[in-house]
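Reading through the structure tokens given below for one structure.
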Amino acid sequence: MKGATYLTDAAAIAATNLIPVDAGPVGSALRPDLAVIGRWIAPGARVLDLGCGDGSLMAWLQAAKGCAGYGVEIDDAAVLSCVRRGVDVVQRNIEAGLGMFGHDQFDVVVLSMAIQATHQTERVLREMSQVGREGIVSFPNFGHWYHAWSILRGRMPVSREMPYEWFNTPNLHLATVLDFEDFLGRLGLVITGRAFLADGKPISWLPSQRATQAIYRFRRSAS
């Protein structure tokens, strides 16, 4: 907790599956998508983690790579967990805007497994690309074959990445891999990296249908 700050005024939606990450504190572990994101981020980078949950990614980045930055989280219990981990955290709904941060204040802005729960998805992505030189987003791939099969059987899909029933889900804007790539292009954002996971393991063959999670890194177009 020492040195952490708590700033008042998103939501983190994630599975609890953990895998070990090479390097870093003994016993450290990250969710599979966070492990990929952690490897992408350069040592010493300035990072903003939106919907940071319990702060596990930022805590790992600080300890393993000497990164600095903030988490942004709205849930009270998650904010307390961030502070206990020594993560500087701003308690705020990300859809209220990121105006408190300056242009290109961060090297990387992360939004992991939460974009599908945003109301103003376009605004969130645009602001990510304004306050950071690079953005990284992970999300559940609605194009996975199991989801299509569930709908063909007349049922809304329920999976580890989307564990909610139709009547209590916080998910608002589900997307496939191709949907998300088209959306980034429409916003003038250039894809600089992709990774796909199926049940926490990397895949490369038919990711549109086989990936349960997709992870993208992107930046503003030079033009």
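The sequence shown begins at 7 in the working numbering and counts up by one. Backbone N, C-alpha and C define an ideal beta-carbon position, used for all residues, glycine too. Remember, predicted model here, so these are calculated numbers, not experimental data.
S118 is bridged by DSSP to S144. Shortest Cα-Cα distance from I197 to any of V96, L54, A228 involves A228. Relative to the Cα of V137, the nearest Cα in the group G108, I43, C88, R223 belongs to G108. Within the same chain, V115, G141 come within 6 Å of M134 by CB-CB distance, once the 5 residues on both sides are set aside.
In terms of Cβ geometry, I80 and Q68 do not form a close pair [threshold 8 Å]. The beta carbon of A201 sits closer than 6 Å to the beta carbons of V42, I221 from its chain, once the five residues preceding and following it are set aside; these are given in chain order. Runs of the beta strand (DSSP E) spanning 3 or more residues and lying entirely within the region 57 to 144 occur at 74 to 79, 95 to 97, 112 to 118, in chain order.
Straight across, the Cα-Cα distance linking L203 with E101 is about 27 Å. Between G75 and R90, the CB-CB gap reaches or exceeds 8 Å. Under DSSP, P208 takes part in a beta bridge, and its partners are L203. In this structure, DSSP gives R52 an extended state, which the three-state scheme calls strand. The Cβ-Cβ distance between W66 and G50 does not fall below 8 Å. Linking G57 to A120 through their CA atoms gives a straight-line distance of about 7 Å. Around G61, the same chain offers G77, S87, C88, R91, V93, V95 as residues with beta carbons nearer than 7 Å, after the five sequence neighbours per side are excluded. Per the C-alpha coordinates, the member of F224, P208, R225, R226 positioned closest to T218 is P208.
Of all alpha-carbon atoms in G194, G72, L36, the one lying nearest the alpha-carbon of L131 is that of G194.
When DSSP reads this structure, R223 sits in a beta bridge with I142, G199.
Put simply, the backbone Cα of N99 is about 11 Å away from that of H125. Distance from the CA of D55 to the CA of E187, rounded to the nearest whole angstrom, comes to 21 Å. Between R223 and W46 a beta carbon distance of about 6 Å is seen, short of the 8 Å cut, so the two are scored as contacting. Shown here for D110: same chain residues with a beta carbon closer than 6 Å to its own, the five before and five after excluded, namely R139 in chain order. By the C-beta density criterion, L212 is exposed, having fewer than 16 other C-beta atoms within 10 angstroms.
Around the beta carbon of G59, a 10 Å sphere encloses 16 or more other beta carbons of the protein chains shown; the residue is thus reported as buried. For the options S118, E128, R129, T127, the alpha carbon positioned closest to that of V143 is the one of S118.
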